[in-house]
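Beneath this line is the structure, given in structure tokens, with notes to follow.
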Amino acid sequence: MSTATRKATVTISASTDIVHPQWSVWSSGWQIPVSTPLFVESGGAFRYDGKERPRCRLSNFLDSHQRAKLLYFEASPAPLIWLHVEKFTTRRFHALMSRNPLLRPRRAAAGLTAVLSLLAGGLLASSPAYAATATPDRFLLVGGLLSQNVAVHGVAKDGTLSKVSGSPFSASAGFSIVVTPDGKKAYVASLTGSSITGYRIGADGKLTPIPGGKVGTGAAVVGLALTPDGSRLFATMGGEENEVRSYDVAASGAITKTTAPPAAVPGNSALSLPALTPDGRFLFVTSTTLSKVTGFAVAPDGRLTLIGQYPTGNVPALPAVTPDGRFLYISNEQGASLIGFAIGADGTLTPTPGGPYPTGGLPHGAAITADSGRLYVPTAGSGAVEGFRIGADGTLTSLPGSSYDAPDGMPGRTILSPDGKVLFLADVFSLGVTSRVHSYNVGENGGLAPTGLPATNTGVLMNDGPSAVLTPDQGPTAAVRVVSAQGGIGFFSAAASSDPDGRIVRYDWDFGDGQLLTTTEPEVAHTFTGAGPRTVQVTVTDDEGCSTKAVFTGQTVSCNGGPRATASVTAP
Numbered sequence: 001m002s003t004a005t006r007k008a009t010v011t012i013s014a015s016t017d018i019v020h021p022q023w024s025v026w027s028s029g030w031q032i033p034v035s036t037p038l039f040v041e042s043g044g045a046f047r048y049d050g051k052e053r054p055r056c057r058l059s060n061f062l063d064s065h066q067r068a069k070l071l072y073f074e075a076s077p078a079p080l081i082w083l084h085v086e087k088f089t090t091r092r093f094h095a096l097m098s099r100n101p102l103l104r105p106r107r108a109a110a111g112l113t114a115v116l117s118l119l120a121g122g123l124l125a126s127s128p129a130y131a132a133t134a135t136p137d138r139f140l141l142v143g144g145l146l147s148q149n150v151a152v153h154g155v156a157k158d159g160t161l162s163k164v165s166g167s168p169f170s171a172s173a174g175f176s177i178v179v180t181p182d183g184k185k186a187y188v189a190s191l192t193g194s195s196i197t198g199y200r201i202g203a204d205g206k207l208t209p210i211p212g213g214k215v216g217t218g219a220a221v222v223g224l225a226l227t228p229d230g231s232r233l234f235a236t237m238g239g240e241e242n243e244v245r246s247y248d249v250a251a252s253g254a255i256t257k258t259t260a261p262p263a264a265v266p267g268n269s270a271l272s273l274p275a276l277t278p279d280g281r282f283l284f285v286t287s288t289t290l291s292k293v294t295g296f297a298v299a300p301d302g303r304l305t306l307i308g309q310y311p312t313g314n315v316p317a318l319p320a321v322t323p324d325g326r327f328l329y330i331s332n333e334q335g336a337s338l339i340g341f342a343i344g345a346d347g348t349l350t351p352t353p354g355g356p357y358p359t360g361g362l363p364h365g366a367a368i369t370a371d372s373g374r375l376y377v378p379t380a381g382s383g384a385v386e387g388f389r390i391g392a393d394g395t396l397t398s399l400p401g402s403s404y405d406a407p408d409g410m411p412g413r414t415i416l417s418p419d420g421k422v423l424f425l426a427d428v429f430s431l432g433v434t435s436r437v438h439s440y441n442v443g444e445n446g447g448l449a450p451t452g453l454p455a456t457n458t459g460v461l462m463n464d465g466p467s468a469v470l471t472p473d474q475g476p477t478a479a480v481r482v483v484s485a486q487g488g489i490g491f492f493s494a495a496a497s498s499d500p501d502g503r504i505v506r507y508d509w510d511f512g513d514g515q516l517l518t519t520t521e522p523e524v525a526h527t528f529t530g531a532g533p534r535t536v537q538v539t540v541t542d543d544e545g546c547s548t549k550a551v552f553t554g555q556t557v558s559c560n561g562g563p564r565a566t567a568s569v570t571a572p
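Numbering (the UniProt record's numbering), first residue to last: 1 to 572.
Now the structure itself:
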């Protein structure tokens, strides 16, 4: 009998047989009684409701409110049925059933045992793709320049902030903060302590100094930029030093100065701030006194070679790079504007059309969306947040409803959640003296609306500079296996794929025969075109949009994606 694939929706009752007219295509009167015993492939047992059970009947977990979709049917050499069961929250199971309801587990070698795998709703703890997400999802670090400490708050997906026990933590004049791609370490630049200090971020959000993670610099450290892979740290020195130094970052978190000589930044600037391109090949540093930005090429050993200097607006301060690496934007603090540059293949800069782009007074640190499509900048002098759409040529145009009122104080830093759905606004100063954090929902058109959540008092004083940062979303890891492949039909499962801080919501399949498919479920059946073995590839994306690429905007990663989000298997 030939194999075939059909889809249908059937109703399953705990007291009646599972019957569907389409099943008669393969076998007249094909029925699966709910009393049919089910057996597990490995060891003849499975875990359900916290107990090991050697056998189970369909009636043990189905009732009249559930519905099932027949995803896949294979008639020979043994009947293979794939059911998708739904009841309020999704539950899935696979069943390899024989026409003989009196099967015994010892006949598994003949391919006639029943296989049950409850994968969602917490029914089976071994399903990594649907593991429960811990709360909070990540942490927000906010530095206090005058109070010389760093506040840490847990962040839930809806934007709710929860203070970490012991926060704020002592740190010397945190004017710039970066976090490693794995979200487990943070480095704080000190203006007054002439040092860079590394802290381990605990699972509970608490900060503890890293042994070997502190280096003296002999000069005020203004800005930090960590390479997208987290292996090297670039630091800008202010005042008369006005140079860029590089440091190697060990897996332990210890930092040591590289052998590369410091690179001079022309002009005496107290606010020289750095931004790296996502590929780590170019570094750009602002010069506030000269109203210019300096470009460097970055060698593998950290050595910097001057590319050129480019005019900006008045007092350029905080640079940011789009995640696609195409554009650089800089806030001109005394020019009430943003300046944009297209980044050439050789690192040279070309002003974007129509710039500089007017803003409110005293624009500060901008946030750019993961798709490089929008930019949000707080204007401390105007008490607002302004939003822009980034055009294909880098042109900035105002978003609908922009500008957006800031609740109180002087807004100083915007930070986007990894999925781009929530924007956090950290004040330099608040009416309550210490810096507060506000939150906005980001609409589909990019517009901002207050979340309605109360502002969070950080307990730090003067959150100025690039010193408010979220720990990154950790990307997913793909895994795929062949469940069954015969007669030109393959049956594949990516259910073993996992996401450490969320869940997987998208599976992109490439079957190696020119056919592609996107699903929201980890299992798929495919009829191949042509003969011969095929390499089947799946790429997974998590619930915050993180997948095969890291998202980086100049100083730190927001999505720690990578090639581990893709896996492949050969189908015979």
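In this text, a Cβ means the ideal position worked out from N, Cα and C, and glycines have one as well.
Going by beta-carbon coordinates alone, are threonine 570 and threonine 535 separated by less than 7 Å? Here residue 570 is taken as the residue at index 570 of the sequence shown, counted from 1. Here residue 535 is taken as the residue at index 535 of the sequence shown, counted from 1. A contact, by the Cβ cut-off of 7 Å.
Spatial neighbours of proline 563 in its chain, beta-carbon cut-off 7 Å, leaving aside the 5 residues before and after: Position 563 of the sequence shown holds residue 563. Counting only Cβ-Cβ distances below 7 Å, and skipping sequence neighbours, we find Thr548.
To which residues does DSSP link glycine 365 through a beta bridge? For this step, residue 365 is matched to residue 365 along the sequence shown. According to DSSP, which records beta bridges pairwise, glycine 365 is partnered with Arg413.
Cα separation between leucine 290 and leucine 453? As a first step, residue 290 is located in the sequence shown; it is residue number 290 there, counting from the start. As a first step, residue 453 is located in the sequence shown; it is residue number 453 there, counting from the start. Each residue's alpha carbon lies about 42 Å from the other.
Out of Ala494, Thr397 and Ser558, state which residue places its alpha-carbon closest to the alpha-carbon of threonine 471. As a working mapping, residue 471 is identified with position 471 in the sequence shown. When only C-alpha atoms are compared, the closest one is Ser558.
Take the Cβ of glycine 213 as the centre, count every other Cβ of all protein chains shown within 10 Å, and call the residue buried at 16 or more, exposed below. As a first step, residue 213 must be located in the sequence shown, where it is residue number 213. Buried: at least 16 other Cβ atoms inside 10 Å.
Tell me, which residues are paired with glutamine 486 by DSSP? The residue you call residue 486 lines up with position 486 of the sequence shown. Paired residues: Ile489.
What does DSSP give as the partner residue(s) for leucine 226 in the beta ladder? Here residue 226 refers to the residue found at position 226 of the sequence shown. Answer is Leu233.
If we count the other Cβ atoms within 10 Å of its Cβ and call it buried at 16 or more, is aspartate 158 buried or exposed? Within the sequence shown, numbered from 1, the residue matching residue 158 stands at position 158. Classification for aspartate 158: exposed.
Looking at tyrosine 329 and leucine 338, is the spacing between their C-beta atoms short of 7 Å? The residue labelled residue 338 in the question sits at position 338 within the sequence shown. The residue labelled residue 329 in the question sits at position 329 within the sequence shown. The answer is yes: Cβ separation under 7 Å.
Start and end of the beta strand (DSSP E) containing glutamate 523? The residue given as residue 523 occupies position 523 in the sequence shown. Glutamate 523 -> beta strand (DSSP E) spans 523 to 527.
For the segment 265 to 340, which segments carrying the beta strand (DSSP E) assignment without a break, of at least 3 residues, lie completely within its bounds, in sequence order? 274 to 276, 282 to 287, 292 to 298, 304 to 311, 316 to 321 and 327 to 332
Beta strand (DSSP E) containing aspartate 144: first to last residue? Within the sequence shown, numbered from 1, the residue matching residue 144 stands at position 144. The sequence given here has glycine at residue 144, not aspartate. 138 to 144 is the span of the beta strand (DSSP E), which, as asked, contains glycine 144.
Which whole runs of the beta strand (DSSP E) in the segment 164 to 230 are 3 residues long or more, in chain order? 174 to 179, 185 to 190, 195 to 201, 207 to 216 and 221 to 226
Starting from the Cα of serine 147, find the closest Cα among Ala171, His153 and Leu161 and give me that residue. Taking the sequence shown and counting its residues from 1, the one referred to as residue 147 is at position 147. If we check each option's Cα against that of serine 147, Ala171 comes out closest.
Mapping DSSP to helix, strand and coil, what is arginine 506? Numbered from its first residue, the sequence shown carries residue 506 at position 506. The answer is strand: DSSP assigns arginine 506 an E or B state.
Proline 274 to isoleucine 177, Cα distance in whole Å? Working through the sequence shown from its first residue, we reach residue 274 at position 274. Working through the sequence shown from its first residue, we reach residue 177 at position 177. Distance between the alpha carbons of proline 274 and isoleucine 177: 12 Å.
Helix, strand or coil for proline 563, going by three-state DSSP, please let me know. Start at 1 with the first residue of the sequence shown, and residue 563 comes out as number 563. Three-state result, proline 563: helix.
Return yes when the Cβ of glycine 420 is within less than 7 Å of the Cβ of valine 442, no when it is not. Counted from its first residue, the sequence shown places residue 442 at position 442. Counted from its first residue, the sequence shown places residue 420 at position 420. Yes, the pair counts as a contact, with Cβ atoms nearer than the cut-off.
Under the three-state DSSP convention, the category serine 402 falls into: In the sequence shown, the residue the question calls residue 402 occupies position 402. If DSSP states are grouped into helix, strand and coil, serine 402 belongs with coil.
Going straight from the alpha carbon of alanine 251 to that of arginine 138, what length do you get? What you label residue 251 is simply residue 251 of the sequence shown in a count that begins at 1. What you label residue 138 is simply residue 138 of the sequence shown in a count that begins at 1. Answer to the nearest angstrom: the Cα atoms are 21 Å apart.
So if DSSP puts aspartate 371 in a beta bridge, which residue, or which two residues, is it bridged to? As a position in the sequence shown, residue 371 is number 371, starting the count at 1. Looking at the DSSP assignment, aspartate 371 forms no beta bridge with any residue, so it has no partner.
In the structure shown, what three-state DSSP assignment does glycine 475 receive? The sequence position of residue 475 within the sequence shown is 475, counting from 1. Reduced to three states, the DSSP call for glycine 475 is coil.
Host beta strand (DSSP E) of phenylalanine 429 (start-end): As a first step, residue 429 must be located in the sequence shown, where it is residue number 429. Looking at the DSSP string, the run of the beta strand (DSSP E) that includes phenylalanine 429 is 422 to 429.
Spatial neighbours of histidine 450 within its chain, please: CB distance less than 8 Å, with the 5 preceding and 5 following residues excluded, ordered by chain position. What you label residue 450 is simply residue 450 of the sequence shown in a count that begins at 1. Correcting the residue identity first, residue 450 is proline in this sequence and not histidine. Taken in chain order, the residues that qualify are Pro407, His438, Ser439, Tyr440 and Asn441.
Any contact of the segment 483 to 503 with the segment 200 to 207, i.e. 3+ C-beta pairs under 8 Å? no
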